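Protein chains: 2
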Amino acid sequence: MPYLLNRAGVRMGIMFSKDIEPHEITLPMWRVMNELWHRGEFRLGELAERTDIDISTLSRLLVTMQKKGLIVRRRSGSDGRALSLTLTPEGLELSERIAPLALHYEALAMQGLSPAEVKTLKQLLQRVFQNLENAGPERVEKETAGKPRAVKRAAPRARLKDSA
Amino acid sequence: MPYLLNRAGVRMGIMFSKDIEPHEITLPMWRVMNELWHRGEFRLGELAERTDIDISTLSRLLVTMQKKGLIVRRRSGSDGRALSLTLTPEGLELSERIAPLALHYEALAMQGLSPAEVKTLKQLLQRVFQNLENAGPERVEKETAGKPRAVKRAAPRARLKDSA
DNA sequence: ATCATTCATTTGCATATGCAAGTAATTTTC
DNA sequence: GAAAATTACTTGCATATGCAAATGAATGAT
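So the protein sequences, as listed, match chains A and B.
Using my numbering, the first residue of the first sequence is number 1, and each one after it goes up by one.
Using my numbering, the first residue of the second sequence is number 1001, and each one after it goes up by one.
Quick look at the structure:
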């Protein structure tokens, strides 16, 4: 079941990715734009969490996106360490042009499902995602007292690369 | 909504990935093992489709996995071009050791959902995936007008054999 | 059979990724 | 109020990835 979810998600990503190719942006770029579009402004760290893109990868991606004129990357006024990331007018325009593609995929993926089923699926997925979020990355042990739930995390270990 | 699906899938993948790290395998490796486990034997191309891993990436991944003793890569008897990919006993054993982790994630992701809801979600996801599958392969049509081939023939190089 | 084509997989190459170490801007501590 | 600790990013480096070209094996045409 995690397998199915992952596979469906990956597949969706690959397909969508190919469809936005003509617009000269990649899927990670779209994820970034979509977040900025909906919330207006982000700092790097927040954005990394939101998009599940590694912070270092994202850092470099944002430089690229700035070069492409899609976003503005400036130092935050209140905190000289942080970045203030926003869409440029061009970035906004492109977002608006891409959004319909997402809808197209929604329609495509939901083919044959009744509106009620679509609604149900969306809600269930949302709850599942919330579960993942909660159990998520390195939940600090100091939880707000309430629902005790031990989430087993793997002990840190040497990172495994592809080749031996 | 495609966004939610992709995000949930990616998130699931990242989390699961970290959990199997101690077993010295990556998520793509697990996807491969899982398929071989369930079906016994695959050719490279089939496996690539099944796992949504690019064929060239998979080709190299399989070499790595063979070196790790997880799979056997041999020439198909009936077709000298194709590979016959199977799990080694070690690969099988590892699959059986990893499977419970997948179940753990199933439980984690489905927290708070009733058995009926879980069943519904699974069915809906399956239908969505099927939709993607159907729309998938024939989507991208590329212009393939015949054009003259470059007659640049490089000096022949020794072909690497199956096992090192 | 011989040569051209098709098919299955591998390899070259130019990025993309992710962990760890590095840098710069706050905040904390004494 | 300056070193020490923390926070927010950036960069070095060792792979991982994907497209296209290359390679070798089967199939088809002449």
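Where is the CB? At the ideal position from N, CA and C, for every residue including glycine.
Given the structure is predicted, the values throughout are model-derived calculations rather than measurements.
field: Between the CA atoms of A:G77 and B:D1052 - distance to the nearest angstrom
entry: 44 Å
- prompt: Could you check where the beta strand (DSSP E) with A:L113 kicks off and where it finishes?
  reply: Careful: A:L113 lies outside any beta strand (DSSP E) and carries neither H nor E.
- prompt: Are there 16 or more other CB atoms within 10 angstroms of the CB of B:G1069, so buried, or fewer, so exposed?
  reply: exposed
- request: Using three-state DSSP, classify A:T51 as helix, strand or coil.
  value: helix
- prompt: Are any of the Cβ atoms in chain A nearer than 7 Å to that of B:A1116?
  reply: So no, B:A1116 is outside the interface.
field: The alpha helix (DSSP H) enclosing B:I1020, as first and last residue numbers
entry: 1002 to 1020
task: Note down, in chain order, each residue of its chain lying with its Cβ closer than 6 Å to the Cβ of B:I1130, except the 5 sequence neighbours on either side.
output: According to the sequence displayed, residue 1130 of chain B carries Gln and not Ile. There are no such residues.
Pairwise C-alpha distance: A:R75 and A:R7: 38 Å
- prompt: What residues in the region 1073 to 1101 of chain B have a beta carbon less than 8 Å from any beta carbon of chain A?
  reply: Within the region 1073 to 1101 of chain B, contact with chain A at the beta-carbon level (separation under 8 Å) is assigned to no residue.
- request: Determine, using beta carbons only, whether B:V1128 comes closer than 7 Å to chain A.
  value: At least one chain A Cβ lies under 7 Å of B:V1128.
- request: Determine the direct distance from the alpha carbon of A:L4 to that of A:E35, and round the result to whole angstroms.
  value: 25 Å
Per-residue DSSP class, three states only, for A:I25: coil
- request: Would you mind telling me which residues of chain A sit closer than 8 Å to B:I1122, beta carbon to beta carbon, in chain order?
  value: It is Lys, not Ile, that sits at residue 1122 of chain B in the sequence shown. Result: M1, L4.
- prompt: Does DSSP classify A:R81 as helix, strand or coil?
  reply: coil
field: Residue-level contact to chain A via CB, B:V1032, 7 Å cutoff
entry: no
query: Along the chain, where does the beta strand (DSSP E) that runs through B:R1073 open and close?
result: For B:R1073, the enclosing beta strand (DSSP E) begins and ends at 1071 to 1075.
task: Answer with yes or no whether the minimum CB distance from B:M1065 to chain A is below 7 Å.
output: no
query: What is the rounded straight-line gap between the Cα of A:L132 and the Cα of A:R31?
result: 19 Å
message: Taking 8 Å as the limit between beta carbons, can you name the residues of its chain near B:L1094, skipping five residues before and five after?
response: H1023, I1025, M1033, L1070
- request: Give the straight-line distance between the Cα atoms of B:K1142 and A:M15, rounded to the nearest whole angstrom.
  value: Only weak support exists for where B:K1142 lies, its pLDDT of 34 falling under 50; the value from the coordinates is given anyway. Rounded to whole angstroms, B:K1142 to A:M15 spans 15 Å at the Cα level.
message: Could you compute how far the alpha carbon of A:D54 sits from the alpha carbon of B:D1079?
response: Their Cα atoms are separated by approximately 42 Å.
- prompt: Do we get a CB-CB distance below 7 Å when we pair B:D1052 with the residues of chain A?
  reply: Interface residue, yes.
message: So, with DSSP's three-state summary, where would you put A:T86?
response: In the structure shown, A:T86 sits in a strand (DSSP, three-state: E or B).
task: Closer than 8 Å by beta-carbon distance: list the chain A residues that pair up with B:G1112, in chain order.
output: R127, N131
field: CA-to-CA distance, B:S1017 to B:S1059, given in whole angstroms
entry: 20 Å
query: Can you tell which of B:L1083, B:R1097, B:L1044, B:Q1126 has the C-alpha that lies nearest to the C-alpha of B:E1021?
result: The option with the nearest alpha carbon to B:E1021 is B:R1097.
query: So, is the C-beta of A:M29 closer than 7 Å to a C-beta in chain B?
result: no
Residues that A:A135 contacts on chain B, provided the C-beta gap is smaller than 7 Å: What A:A135 touches in chain B: L1108.
message: Bridge partners for B:F1042 per DSSP, in chain order?
response: Bridge partners of B:F1042: B:L1085.
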